[in-house]
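Read the structure below first, then the notes.
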Amino acid sequence: DRRGTFLGVCDKTPYLKELGVTAVELMPVFQFDPQEENYWGYMPLSLFAPHHLYSTDPTACRQRDEFRTMVRTLHAAGIEVILDVVYNHTCEGNRSGPTYGFKGIDNSTYYVESTDPDAPYANFSGTGNTLHTANRAVRRLIVDSMRYWVNEMHVDGFRFDLASIFTRKSDGTIELEDPPI
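In the working numbering, the protein residues as written are 4 to 184.
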């Protein structure tokens, strides 16, 4: 039984085609902390890796190949693949959250900081941290991630979770006439 895996989608592709489906939108597939439950992938750890538990063998590092097989199968049936992407926050959470990468590299580059010592990360997304999308390095990271998913993984489009974060400047104010992204 391959339900809940990328290859499980392949098994259902003939049924989707029979229904006349022309596109599927996948909930977030980015790698997330498997210890975090009930987030449905909306707390990303890596913006470039498919989640290992969506592979038929989570210990074999096959998720990239299986994701690409799924996309090829859907495309062969005339079905486009759209990803629900999370570029507004990460699973590192607030100050008490785990440190996986960005926190350990440079907080002020990757996250919008707060002046409140009890809450050092701005929380415009309601998730404990807000990615600093006004920073050039973070914008580049997001664009590189999108290019990867299009060029290497062959997805056809994106749905952005909490996209309003992209309009925030470094001080957290909203800039609609000339947004950072």
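Using N, Cα and C, we set each Cβ at its ideal position, and we do this for glycine too.
Query raised in the report: Among R139, Y151, L134, which one has its Cα closest to the Cα of S167?
Result: Taking the sequence shown and counting its residues from 1, the one referred to as residue 167 is at position 164. Considering only alpha carbons, the answer is L134.
Query raised in the report: Skipping 5 residues on each side, what residues in its chain have a beta carbon closer than 7 Å to that of M156?
Result: In the sequence shown, the residue the question calls residue 156 occupies position 153. Contacts found: F70, R71, V74.
Requested in this report: Determine contact between the stretch 82-98 and the stretch 118-137, defined as no fewer than three beta-carbon pairs at a distance below 8 Å.
Outcome: yes
Query raised in the report: Under the three-state reduction of DSSP, which class applies to P201: helix, strand or coil?
Result: Since the displayed the chain opens at 4 and closes at 184, residue 201 lies outside it and no answer follows.
Query raised in the report: For the candidate residues L50, T59, T16, T25, whose alpha-carbon lies nearest to that of R5?
Result: On the sequence shown, position 2 is the one that residue 5 refers to. Nearest of L50, T59, T16, T25 to R5, Cα basis: T59.
Query raised in the report: How many Å lie between T112 and D181 at the Cα?
Result: The sequence position of residue 112 within the sequence shown is 109, counting from 1. The sequence position of residue 181 within the sequence shown is 178, counting from 1. Taking the straight line from one Cα to the other gives about 20 Å.
Report task. Please classify W43: is it buried, with 16 or more other beta-carbons within 10 angstroms of its beta-carbon, or exposed? Result -> Locating residue 43 in the sequence shown gives position 40, counting from the first residue. Exposed is the call here.
Requested in this report: Quick one: give me the first and last residue of the alpha helix (DSSP H) that R162 is part of.
Outcome: Residue mapping note: residue 162 aligns to position 159 of the sequence shown, counting from 1. No alpha helix (DSSP H) holds R162; the beta strand (DSSP E) holding it covers 160-163.
Query raised in the report: With a Cβ-Cβ cutoff of 8 Å, do Q38 and H55 count as a contact?
Result: On the sequence shown, position 35 is the one that residue 38 refers to. On the sequence shown, position 52 is the one that residue 55 refers to. No.
Query raised in the report: D53 by DSSP, collapsed to three states: which one?
Result: Residue 53 sits at position 50 when you count from the first residue of the sequence shown. According to the sequence provided, residue 53 is Pro. The question's Asp does not apply to it. Strand.
**Report entry** Bridge partners - R65, DSSP secondary structure assignment
**Finding:** Mapped onto the sequence shown, residue 65 falls at position 62. Answer by DSSP bridge pairing: none, since R65 is not bridged.
Requested in this report: Confirm the yes/no value for this check: CB of P123, any heavy atom of the ligand NAP, distance under 7 Å.
Outcome: With respect to the ligand NAP, the structure shown offers nothing to examine, as it has no ligands at all.
Requested in this report: Kindly identify the DSSP beta-bridge partner or partners of S87.
Outcome: For the purposes of this step, residue 87 is taken as residue 84 along the sequence shown, with counting starting at 1. Residue identity check: residue 87 is Asp in the sequence provided, not Ser. Bridge partners of D87: R162.
Query - Uninterrupted alpha helix (DSSP H) stretches inside the stretch 74-133 (no shorter than 4 residues) - result: 105-113
Report task. Kindly list the residues whose CB is nearer than 8 Å to the CB of R162, restricted to its own chain and excluding five residues on each side of it in sequence; keep chain order. Result -> What you label residue 162 is simply residue 159 of the sequence shown in a count that begins at 1. For R162, where only same-chain residues beyond five positions count, the Cβ hits under 8 Å are E28, I85, L86, D87, V88.
Query raised in the report: Once you ignore the five residues that flank L10 on each side, which residues in its own chain have a CB closer than 6 Å to its CB?
Result: If you number the sequence shown from 1, residue 10 lands on position 7. Once the five neighbours on either side are set aside, the close Cβ partners of L10 are T59, E69.
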